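Input: a single structure, listed below in structure tokens.
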Amino acid sequence: MDRHLFVIFGATGDLAKRKLLPALYHLITGRDLGVCVVLGVARSDLDDASFRDDARQALCDAGFSEGEVREWCDERLHYQQVAEGEDHAALADRIADIEATHDLPGNRVFYLALPPSAFGPTVQGIGEQGLAEAPGWVRLVVEKPFGRDLESAQELNQLVHEHFDERQVYRIDHFLGKETVQNLLTFRFANTTFEWLWNRDRIDQVQITVAEQLTVEGRGGYYEQAGAVRDMVQNHLTQVLTLIAMEAPSAFDPVAIRNEKVKVLDSIRPIDPADVVLGQYTAGEVAGEGVPDYRDEPKVDDHSTTATYAAVRLHVDNWRWQGVPFLIRTGKALERKVTQIAVRFRQAPVSFFESAPERTELHNDVLLITMQPEEGFELRLDVKVPGKRLAVRPISLHYEYPQEGHVPEAYETLLADVIEGDQTLFVRADEVEAAWRLYQPLLDAPPDPFPYPAGGWGPEAATALVGGGRSWITR
Ligand code: BG6
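Reminder that position 139 of the sequence shown reads as 674 in our numbering, one-by-one numbering, no gaps.
As structure tokens, then:
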């Protein structure tokens, strides 16, 4: 990897401490990352020494030992304060100074680990100081959420494009960095077994579940403004859907892959309000622990109508998927943490088992692709019960990935890609806008959320979305 300066805006924040610094440390020490010098930027009045102390603590909290991280922090971490309302001139001087001291050729990453309201002013500041023009490559990384609706995403894209070319922009959706999500492409396009069945002729419906046990956990202020549709559906679940539904790209490169994902988004029919169920958790118990009512969480309005659960039935109107519902659901304070795709195949067209004397109810074959907490595949099929009389029962063929070796954390993968200049796992400008466009009517006129007790599987009303007596599939 090229020698470069990695600038983290929001360097004293939670994301920088819990994810970015540990991922960079792992990358730099575990792989040959060349020379990476880190410049932390934030509003706090810190100097290099106190920033290094904080970073050391963050790395120790992430499981590294004080001894191993000390030298790393001392050698390559720097800090620059940019107070609220201050321009970025001092930052520009500092960057020039650090690049000269460390003999860096002007390759720069600007990582915005900031609250969304600070994205615009920071991009503006970087642009105005000419920091986006350097002798080397310059890349801008923007955290989620990219905008809070279609209009704000368009405005942000416009501002970003005033200073950066789209080829320099890396919009993060950390789900795309998960090993398991990337594996979807390998599963689909490295094997032919399922690809022939991957269409409306053979598939009855697709269900995508991202269930969390977590509540809003002190993030009430943010969550009240976001809710499940902005926080999870518009980005993570929709990204997984595009990977399941897309056509084979013409090449394994960022342009071809993202073109196919955008085509999926453009093919989704406008959402019918009858295809949406929202929910909000009430007091209950998750994993044996008491959970308060969402409205009693800190910084949450007593009469809040923010959804902590969302289930949506989507229709991808193209030749491959016409008529196959894609059911997506996510919720906080649910019974279990699970991220999973269930592909339910159609029933056999003719059943000649009906006259058999014993239990001969046939089940749809189901392919379960589980991404969290463990990673694996399961194929559910019907087989004959051993014995003379005819009876059928479901069995499961099961494969679980061995948890051996170091599985890179999503941020590790994504940061390595930024530094290497690979945009495949990042969301393109038109893609993020297409996703907002899809959910905008739902954001404009959300239905009232149904209350659901913490520790369950969400509102009962979501069952009706699955249709025809079917149910949500959860492993
Ligand atoms: C984040 C959301 O983007 O994703 C959180 O803001 C959510 O609300 C988290 O908990 C889930 O990510 P993961 O990696 O824990 O599945």
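Heads up, the beta-carbon is just placed ideally off N, CA and C, and yes, glycines get one too. Computed from a prediction, not measured in an experiment: that's the story for all the values here.
Buried or exposed by the 16-neighbour rule on C-beta atoms within 10 Å, applied to residue i
i	result
Gly756	exposed
Leu749	exposed
Gly620	exposed
Tyr934	exposed
Glu678	buried
Thr773	buried
Gln958	buried
Lys923	exposed
Trp731	exposed
Pro833	exposed
Residue interval of the alpha helix (DSSP H) (run including residue i)
i	result
Ser687	Leu685 to His698
Leu719	Glu714 to Phe724
Asp628	Ala624 to Thr636
Ile517	It is not possible to answer for residue 517, since the shown part of the chain is limited to 536 through 1010.
Val799	Pro789 to Ser802
Glu1011	No information on residue 1011 is available, as it lies outside the stretch 536 to 1010 that the chain covers here.
Arg830	Careful: Arg830 lies outside any alpha helix (DSSP H) and carries neither H nor E.
Gly545	Gly545 -> no alpha helix (DSSP H), and no H or E assigned at all.
Gln760	Gly755 to Ala763
Where the beta strand (DSSP E) containing residue i begins and where it ends
i	result
Glu824	Glu824 to Val826
Leu932	Val927 to Glu935
Thr1021	This structure cannot settle anything about residue 1021, because the visible part of the chain is limited to 536 through 1010.
Gln659	From DSSP, Gln659 is part of no beta strand (DSSP E) but of the alpha helix (DSSP H) over Phe654 to Glu663.
Gly671	Neither: Gly671 is in no beta strand (DSSP E) and is coded neither H nor E.
Arg591	Element bounds for Arg591: not the beta strand (DSSP E) but the alpha helix (DSSP H), Asp583 to Asp596.
Leu902	Val901 to Gln907
Leu914	Gly911 to Lys919
Ile1008	Here Ile1008 belongs to no beta strand (DSSP E), and DSSP marks it neither H nor E.
Ile806	Per DSSP, Ile806 belongs to no beta strand (DSSP E) and is neither H nor E.
Pro988	Phe985 to Pro988
Thr728	Run containing Thr728: none; DSSP gives neither H nor E here.
9 Å Cβ cutoff met for residue i and residue j
i	j	result
Trp992	Ala842	no
Arg915	His941	no
Ala845	Val768	yes
Ile743	Gln875	yes
Leu932	Glu947	no
Val741	Ser802	no
Gly866	Ala763	yes
Val658	Leu694	yes
Ala868	Gly819	yes
Ile863	Val873	no
Arg643	Leu540	yes
Arg578	Ala618	yes
Leu562	Leu950	yes
Val812	Pro982	yes
Arg706	Ala883	no
Pro650	Gly545	yes
Close-in-space but distant-in-sequence residues of the same chain around residue i (CB under 6 Å, 5 per side omitted)
i	result
Val570	Arg538
Gln857	Arg735
Arg879	Asp739, Gln740, Asn899 and Val901
Ala590	Leu556, Cys608 and Leu612
Lys554	Tyr946
Val918	Ile930
Arg629	Gln615
Leu849	Ile803 and Phe861
8 Å CB neighbourhood of residue i in its chain, flanking five on each side removed
i	result
Glu870	Ala746, Gln748, Val821, Gly990, Gly991 and Trp992
Residue i: CB within 8 Å of a non-hydrogen atom of the ligand COA
i	result
Glu747	The ligand COA is absent from the structure shown, which contains only the ligand BG6.
Close-in-space but distant-in-sequence residues of the same chain around residue i (CB under 7 Å, 5 per side omitted)
i	result
Ala888	In the sequence under discussion, the amino acid at residue 888 is Phe, which differs from the Ala named in the question. Once the five neighbours on either side are set aside, the close Cβ partners of Phe888 are Thr895, Leu897, Leu925 and Val927.
Glu944	Ala558
Phe599	Tyr560
Short CB-CB distance (under 9 Å) between residue i and chain C
i	result
Phe887	Protein chain content of the structure displayed is limited to a single chain, and chain C is not contained in it.
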